[in-house]
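Trainee: Chains as they are written, first to last, in my numbering: chain R, 38 to 432; chain P, 178 to 600.
From the three backbone atoms N, C-alpha and C, an ideal C-beta is built for every residue, glycine too.
Treat the numbers as computed from the prediction; the structure is a model and nothing was measured.
(1) Note down the Cα distance separating residue 267(P) from residue 297(P), rounded to an integer number of angstroms.
(2) Tell me where the beta strand (DSSP E) around residue 362(P) begins and ends.
(3) I need the DSSP call for residue 138(R), collapsed to helix, strand or coil.
(4) What residues of chain R sit near residue 310(P), judged by a beta carbon separation below 9 angstroms?
(5) Measuring straight from C-alpha to C-alpha, what distance separates residue 379(P) and residue 50(R)?
(6) Under a CB-based cut-off of 8 angstroms, is residue 313(R) close to chain P?
(7) From what residue to what residue does the beta strand (DSSP E) around residue 215(R) run?
(8) Closest to residue 249(P) by C-alpha separation, out of 214(P), 226(P), 293(P) and 236(P), would be which residue?
(9) Determine whether the Cβ of residue 350(P) lies closer than 8 angstroms to any Cβ atom of chain R.
(10) Cutting at 7 angstroms between CB atoms, please list the residues of its own chain near residue 172(R), excluding the five before and the five after it.
(11) Does any residue of chain R bring its CB to less than 8 angstroms from the CB of residue 340(P)?
(12) Are the CB atoms of residue 368(P) and residue 162(R) nearer to each other than 8 angstroms?
(13) Using CA atoms only, rank isn't needed, just tell me which of 399(P), 543(P) and 480(P) is closest to residue 205(P).
(14) Using 8 angstroms as the threshold, is the C-beta distance between residue 80(R) and residue 519(P) below it?
(15) Can you name the residues of chain P whose CB is closer than 7 angstroms to the CB of residue 171(R)?
(16) Taking 8 angstroms as the cut-off, decide whether the C-beta atoms of residue 505(P) and residue 394(P) are in contact.
(17) Once you ignore the five residues that flank residue 484(P) on each side, which residues in its own chain have a CB closer than 6 angstroms to its CB?
(18) Less than 8 angstroms between C-beta atoms, sequence neighbours within five positions excluded: which residues of the same chain meet that for residue 147(R)?
(19) Would residue 508(P) pass as a contact of residue 326(P) if the rule is Cβ separation under 8 angstroms?
(20) Check whether chain R comes within 8 angstroms of residue 318(P), counting only Cβ atoms and requiring the distance to be less than that.
(21) According to DSSP, simplified to helix, strand and coil, what is residue 273(P)?
(22) I'd like the ranges of any alpha helix (DSSP H) spanning at least 4 consecutive residues and lying wholly in the segment 541-586 of chain P.
(23) Could you say if the segment 274-291 of chain R and the segment 234-253 of chain R meet the contact criterion of at least three C-beta pairs nearer than 8 angstroms?
(24) Check whether the segment 429-446 of chain P touches the segment 467-487 of chain P, counting contact only when three or more Cβ pairs, one atom from each stretch, lie closer than 8 angstroms.
(25) Got a sec: which bits of the segment 370-386 of chain P sit with their beta carbon under 9 angstroms from any beta carbon on chain R, in order along the chain?
(26) Between which residues of its own chain and residue 274(P) is the CB-CB distance below 8 angstroms, once the five residues before and five after are set aside?
(27) Say whether chain P places a C-beta atom closer than 8 angstroms to the C-beta of residue 284(R).
(28) Name the chain P residues whose beta carbon is nearer than 7 angstroms to that of residue 83(R)?
(29) Any idea what DSSP makes of residue 525(P), helix, strand or coil?
(30) Residues of chain R with a CB under 8 angstroms from the CB of residue 360(P): which are they?
(31) Give the interface partners of residue 232(R) over in chain P, defined as CB-CB distance under 7 angstroms, in chain order.
(32) Is the CB-CB distance between residue 217(R) and residue 314(P) below 8 angstroms?
(33) Between the Cα of residue 258(R) and those of 77(R), 418(R), 362(R) and 318(R), spot the shortest distance and give me the residue it belongs to.
(34) Assuming the contact rule is C-beta atoms closer than 8 angstroms, residue 547(P) and residue 133(R) should be a hit. Round their C-beta distance to whole Å, please.
(35) Can you list the residues of chain R that residue 519(P) reaches, using a CB-CB cut of under 7 angstroms?
(36) Is residue 600(P) helix, strand or coil when you go by DSSP?
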């Protein structure tokens, strides 16, 4: 037992020496992950987009139309940056990207309202950008409906209806929307919380493949195995442990940024967050070992890890729900630890559901740890016989 | 003076001779390297298809919701039927208790809850305001959007009908009642992506990003590999003949440009057509935008490639940038909400302006003039990165020449010794 521990420690010491000998390690393990945490927490810091530029095409130019324009301007979401003369002009501005939407107030708007001719107000918005488009649509529909209700009320007052009666009449059915588990409706809670683990998994996968693959490529694997008493388990444990520690710390820094600095709701204890983070790191290290064991030539295993890792962005289903994808991708999606981590985040951390709803996700994360078992013998023979080395002609 | 001119003339002639050689040499390097081949052919060909299939349903349709009907009336049943009839929502659990609904929600069987109050029907009859409560899933933006769109539509319509009915009971004609209830009509015009489809939104950006990323990574990989293969770790071979930096940059770029110009026909022409993404842009517009984009990406890639001493480094350093670059393009977070720092960082990368310009052209039909800002920025990037590529390659050429001169003066034994230690 004692010798196992000393062996692991020796391999670990060797690995730390190797890490400090090349700048690449420190860049990929520490600098880039921390930079991306800072990038995402700073980019979306406002929570909800504000003051998006919008134009008004006022063809009426009356008190009423100007009142509507002002009402649109004062909403927090949009800011009227331009008053334009024609719809064509506004459409060109929209195409140029200077505005996210515009409202056309037609000629005779005021007269038509007064004479009960039911004028038509058209609004246009750039729906090519999902978040901006959705917000624009909500915002404009809401303001214009409020304005329309206001006119309705004024008319009824003119008809002599009592005030409290009017309210029940103009809006017989009300909608009260309760936002479950994300009361702020802020985007960082949707986006940053999932994007950061997706970024981190790329780094974990790549560096795991690299630190093992480089031993084969540079023919140092004998030395490595020798130090670990020819046990592949000891060799891998000793080698990967320093990375586990570093990535776990990075992930805890990330959690600190999310739940303490950005104030994203957190309904669970620190120890559960630590457990989830640790299992996330381990699961991806296991996948990294699997890649390099399957394809011991590093150029191929690195490609494989990269192609797999980058797909997590789509297949973990945080942007487009997995349930809405064609069935085959629903199974494929379970092959990404980040998806299970996302479930843990959503039900245990954000919503505070009982443990029984997130236990299956923890079990799935554990299953990934079995992956290296499949290829461990193949990896060992690759380390011993060094058969997967490309022949390079130096010139 | 005349001599100088003559030298320049000779240099240009030599350059023109060696240019095709460098070009072909780069082709040979690319086509003999499986890792790079997969990266610049398999990825651009397969990933757009894969993404298109993943997002094939485009929108969230028939999201499962539970209805807690406390009213149990004809009115509430009609309301539920209307909810079910919206494209966004599907009532999968009807007339359950709130506890039951919440437990279904926790099991992810339903993605939202709608509660109809006990007083719903009597409220309508007695002209009292009633309130429908919805509980929306805030875990997914698209689920929240579907819930909001479906319920607010039905609530507005129901309210409107009740109002009109009441007004008619008060003695107004149907026409008068309609105008009173709705003094102004609205027309909602979603531009670019009318249906709000997810594939139509995300894939154009992904296409542009794939072009830039695979190219820059491939250039970096090849540069790293070259250095590994050269005995003294130089990027430019220690040839007897001096190669000018200018012809190296142009020759190499020629190879990448041809490959990516062909790939663009497939990625930006065929993929949008097969999967029905917006394709309002004409060929001329696309070329005006994509040509400077490919060129600036190549030159940026060449400039940065000199830092890589090993084959693997490029993938390790570049891969992660794909996700931040997607955010920097401005299709996720509105550009009007970018801080100055991120707006500046955004302008470093060709993909930002190319994605924005491509979406404008392709889904809104923007003209070259309306895309002038993006096109101009891409040309500025092309010029800048061409210069930096020439400068960095110039350094490499000089370094190789310097090294060759130093080694050539050594006795043969010393050269052998150095070669073995370097290897």
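Mentor: Well, looking at it:
(1) Going by C-alpha positions, residue 267(P) is about 21 angstroms away from residue 297(P).
(2) Per DSSP, residue 362(P) belongs to the beta strand (DSSP E) from 362-368.
(3) Here residue 138(R) sits in strand by DSSP.
(4) Simply 212, 213, 214 and 215.
(5) Answer to the nearest angstrom: the Cα atoms are 45 angstroms apart.
(6) Not one chain P Cβ lies under 8 angstroms of residue 313(R).
(7) Bounds of the beta strand (DSSP E) holding residue 215(R) are 210-217.
(8) With respect to the C-alpha of residue 249(P), the residue from 214(P), 226(P), 293(P) and 236(P) having the closest C-alpha is 293(P).
(9) No, because no Cβ of chain R sits closer than 8 angstroms to the Cβ of residue 350(P).
(10) For residue 172(R), same chain residues with a beta-carbon under 7 angstroms away, outside a window of 5 residues either side, are 86 and 114 in chain order.
(11) Interface residue, yes.
(12) With contacts defined by Cβ atoms closer than 8 angstroms, residue 368(P) and residue 162(R) form a contacting pair.
(13) For the residues 399(P), 543(P) and 480(P), the minimum Cα distance to residue 205(P) belongs to 399(P).
(14) A contact, by the Cβ cut-off of 8 angstroms.
(15) Those are 322, listed as they occur along chain P.
(16) No; because the gap between Cβ atoms is not below 8 angstroms, this pair is not in contact.
(17) Closer than 6 angstroms at Cβ, skipping near neighbours: no residue.
(18) Result list for residue 147(R): 97, 99, 100, 101 and 102, in chain order.
(19) Judged by their CB atoms, residue 508(P) and residue 326(P) are not nearer to each other than the 8 angstroms cut-off.
(20) Taking Cβ atoms only, chain R reaches closer than 8 angstroms to residue 318(P), which makes this a yes.
(21) DSSP, reduced to helix, strand and coil, places residue 273(P) outside both helices and strands of the structure shown, so it counts as coil.
(22) Counting only runs of 4 or more residues that sit fully inside the segment 541-586 of chain P, the alpha helix (DSSP H) segments are 549-585, in chain order.
(23) Segments in contact, yes.
(24) They touch, by the three-pair rule.
(25) Flagged, chain order: 370, 371, 372, 373, 375, 376, 377, 378, 379, 381 and 383.
(26) Contacts found: 245.
(27) Chain P contact via Cβ: absent.
(28) Neighbours of residue 83(R) on chain P, chain order: 514.
(29) Under the three-state reduction of DSSP output, residue 525(P) falls in the coil class, being neither helix nor strand.
(30) Among the residues of chain R, those whose CB is under 8 angstroms from the CB of residue 360(P) are 150, 153, 155, 185, 188, 189 and 192, following chain order.
(31) Here the neighbours are 500.
(32) If you check the CB distance, residue 217(R) and residue 314(P) come in under 8 angstroms.
(33) Nearest C-alpha to residue 258(R): 418(R).
(34) A Cβ-Cβ distance of about 5 angstroms is found for the pair residue 547(P) and residue 133(R), placing them in contact under the 8 angstroms criterion.
(35) Ordered by position in chain R, the residues that pass the 7 angstroms Cβ test against residue 519(P) are 80.
(36) Note that residue 600(P) scores a pLDDT of 47, beneath 50, so its modelled location is shaky and nothing firm can be said.
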